[in-house]
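Residues 1 to 289 (the UniProt record's numbering) are what the sequence shown spells out, left to right.
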Amino acid sequence: MISIDVQHKFPNSNTSINFKIEGELQRFYGVYGHSGAGKSTLLNIICGFITPQKGKIIINDEIWFDATKNINLPPQKRSIGMVFQDYALFPNMSVKENLEYALPKKKDKAVLQDLVELMELKSILNQFPLTLSGGQKQRVALARSVVQQPKLLLLDEPLAALDQEMRLRLQDYLQQLHQQYRLTTFLISHDIAEMYKLCQQIIAIDSGKVTAIKSPSEFFQGQKLHGKFQFTAKVLDVIHQDIMHVVSLLIGEEIVRVVVDPELGHTLKSHDTVVVTTKAFQPIIHKIG
Numbered sequence: 001m002i003s004i005d006v007q008h009k010f011p012n013s014n015t016s017i018n019f020k021i022e023g024e025l026q027r028f029y030g031v032y033g034h035s036g037a038g039k040s041t042l043l044n045i046i047c048g049f050i051t052p053q054k055g056k057i058i059i060n061d062e063i064w065f066d067a068t069k070n071i072n073l074p075p076q077k078r079s080i081g082m083v084f085q086d087y088a089l090f091p092n093m094s095v096k097e098n099l100e101y102a103l104p105k106k107k108d109k110a111v112l113q114d115l116v117e118l119m120e121l122k123s124i125l126n127q128f129p130l131t132l133s134g135g136q137k138q139r140v141a142l143a144r145s146v147v148q149q150p151k152l153l154l155l156d157e158p159l160a161a162l163d164q165e166m167r168l169r170l171q172d173y174l175q176q177l178h179q180q181y182r183l184t185t186f187l188i189s190h191d192i193a194e195m196y197k198l199c200q201q202i203i204a205i206d207s208g209k210v211t212a213i214k215s216p217s218e219f220f221q222g223q224k225l226h227g228k229f230q231f232t233a234k235v236l237d238v239i240h241q242d243i244m245h246v247v248s249l250l251i252g253e254e255i256v257r258v259v260v261d262p263e264l265g266h267t268l269k270s271h272d273t274v275v276v277t278t279k280a281f282q283p284i285i286h287k288i289g
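What follows is the structure, given as structure tokens:
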């Protein structure tokens with residue numbers, strides 16, 4: 001069980017934090033909100049980089065923080081793996097050495113071999129970070145964060161700097177890591193399609209507060225969608241033709257054109273995110289971002 005209930009006010013600022021989260025372990029949580037809402041602050045409080053003034057953090061019956069009992073485990077005592085956009089690999093160590101450095105003493109090295117195979121790192125084990133592509137670096141960073149099999153995996157927009165093709169591949173790796181190692185994962189992302197693909201629950205953050213914890217479809221759509229097929233897509237353009245509106249959508253790497261009613265067509269613009277469902281072979285589009 002995850003229980004987070006913390007309050008904090010930053011000095012010389014009007015910003016105050018009030019996070020309250022109750023959740024299950026081994027779930028994939030998406031942390032969503034506009035820039036400055038407090039998403040990274042939440043992760044920094046969980047991992048111990050920021051000490052809140054009040055509240056508790058309890059993970060699987062272990063108290064990580066309790067202001068009233070003066071308990072505050074340092075980051076290295078909290079079972080956490082973290083990955084950011086900048087990879088944070090040791091440049092003077094090979095890929096293999098980066099992974100071995102993260103392995104706790106007396107820990108079975110079999111986990112290293114498992115991760116090397118899962119993340120397809122065998123061919124680059126002896127290379128150094130400066131020789132790797134962005135996607136390769138992030139695969140190494142993800143593998144290294146899981147070496148110690150942490151209770152929580154915290155991801156702060158780890159795929160934001162990658163191109164779309166590599167981003168989609170890394171999403172698959174993330175899913176495999178989460179499932180194989182039964183992780184409890186918190187992912188910050190602004191990519192709604194990514195949230196739909198990876199997350200079981202969305203933790204919505206606004207002005208330093210948790211405003212909702214819902215499934216992706218409930219949160220982004222406001223209600224559960226019904227249909228045999230469901231895709232998220234990006235709007236490329238909208239063409240107005242008499243009484244028709246033709247919308248070009250990017251679904252994965254495929255471009256699809258769909259006719260929509262004028263009322264919806266007037267609300268859509270390039271770069272909007274939509275959900276496409278089919279019902280009785282008729283595509284239905286819902287704008288979600």
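Positions of the beta carbon are idealized from the N, C-alpha and C atoms, including for glycine.
### Query
Taking the Cβ atom as the reference point for each residue, do LEU177 and LEU142 lie within a distance shorter than 8 Å?
Within the sequence shown, residue 177 is the residue found at index 177, counting from 1. Within the sequence shown, residue 142 is the residue found at index 142, counting from 1. Cβ distance < 8 Å, so LEU177 and LEU142 count as in contact.
### Task
Measure the CB-CB distance between LEU154 and LEU43 and report whether it falls below 8 Å.
As a first step, residue 154 must be located in the sequence shown, where it is residue number 154. As a first step, residue 43 must be located in the sequence shown, where it is residue number 43. Their beta carbons are under 8 Å apart, which means LEU154 touches LEU43 by this criterion.
### Task
Using alpha carbons as the reference points, say which of ILE251, ASN72, PHE84 and ARG27 lies closest to ALA160.
Translated into the one-based positions of the sequence shown, residue 160 becomes position 160. Of the candidates ILE251, ASN72, PHE84 and ARG27, the one whose C-alpha sits nearest the C-alpha of ALA160 is PHE84.
### Query
ARG78 and CYS47 look like a contact to me (Cβ under 8 Å); what is the Cβ gap, rounded to whole Å?
Locating residue 78 in the sequence shown gives position 78, where the first residue counts as 1. Locating residue 47 in the sequence shown gives position 47, where the first residue counts as 1. Indeed, because the Cβ distance is near 6 Å, the residues count as touching under 8 Å.
### Task
Any chance you could list the alpha helix (DSSP H) runs of at least 4 consecutive residues sitting entirely within the region 162 to 224, in chain order?
If we require 4 residues or more, the alpha helix (DSSP H) runs fully inside the region 162 to 224 come out as 164 to 180, 192 to 198 and 216 to 221.
### Query
Where does residue 303 fall in DSSP's three states?
In the structure displayed, the chain extends from 1 to 289; residue 303 sits before or after that span and is not available.
### Query
What does TYR29 pair with, by DSSP beta-bridge criteria?
Locating residue 29 in the sequence shown gives position 29, counting from the first residue. Note: TYR29 sits in a beta bridge opposite PHE186 and GLN201.
### Between the CA atoms of GLN148 and PHE128 - distance to the nearest angstrom
As a working note, residue 128 is residue 128 in the sequence shown. As a working note, residue 148 is residue 148 in the sequence shown. Cα to Cα, PHE128 sits roughly 21 Å from GLN148.
#### Entry: Backbone secondary structure at ILE50 - three-state DSSP
Position 50 of the sequence shown holds residue 50. DSSP places ILE50 in coil when its eight states are reduced to three.
### Query
In terms of residue numbering, what span does the alpha helix (DSSP H) encompassing GLY135 cover?
Locating residue 135 in the sequence shown gives position 135, where the first residue counts as 1. First-last of the alpha helix (DSSP H) with GLY135: 134 to 146.
#### Entry: Distance between ASN12 and GLN223 (C-alpha atoms, nearest Å)
If you number the sequence shown from 1, residue 223 lands on position 223. If you number the sequence shown from 1, residue 12 lands on position 12. Note that GLN223 scores 46 on pLDDT, short of 50, meaning its location in the model is unreliable; the coordinates nonetheless yield the value given after this. The alpha-carbon atoms of GLN223 and ASN12 are separated by roughly 40 Å.
### N-terminal and C-terminal residue of the beta strand (DSSP E) that GLN7 is part of
Numbered from 1 along the sequence shown, position 7 holds the residue referred to as residue 7. Note, GLN7: beta strand (DSSP E), 2 to 9.
### Task
Run the CB neighbour count on PHE19, radius 10 Å, all protein chains shown included, and call it buried at 16 or more, exposed below.
As a working note, residue 19 is residue 19 in the sequence shown. With a threshold of 16 other beta carbon atoms within 10 Å, PHE19 meets it and is buried.
### Task
Measure how close the beta-carbons of ILE124 and VAL95 come, nearest whole angstrom, since I'm counting them as under 8 Å.
The residue given as residue 124 occupies position 124 in the sequence shown. The residue given as residue 95 occupies position 95 in the sequence shown. That pair is a contact at about 5 Å.
### Task
Look at the Cβ atom of TYR29, then the Cβ atom of GLN201, and state whether they are nearer than 8 Å.
What you label residue 29 is simply residue 29 of the sequence shown in a count that begins at 1. What you label residue 201 is simply residue 201 of the sequence shown in a count that begins at 1. Cβ atoms of TYR29 and GLN201: closer than 8 Å.
### Query
With a cut-off of 8 Å, do at least 3 Cβ pairs link the region 231 to 239 to the region 267 to 274?
Note that the region 231 to 239 touches the region 267 to 274; at least 3 beta-carbon pairs, one per stretch, sit closer than 8 Å.
### Start-to-end residues for the alpha helix (DSSP H) that takes in LEU73
As a position in the sequence shown, residue 73 is number 73, starting the count at 1. For LEU73, no alpha helix (DSSP H) encloses it, and the DSSP letter there is neither H nor E.
#### Entry: Where the alpha helix (DSSP H) through GLU263 begins and ends
The residue given as residue 263 occupies position 263 in the sequence shown. From DSSP, the alpha helix (DSSP H) with GLU263 extends over 262 to 265.
### Task
Return the CA-CA distance between PRO262 and ASP237, expressed in angstroms with no decimal places.
Residue numbering aside, residue 262 sits at position 262 when the sequence shown is read from its first letter. Residue numbering aside, residue 237 sits at position 237 when the sequence shown is read from its first letter. The alpha-carbon atoms of PRO262 and ASP237 are separated by roughly 14 Å.
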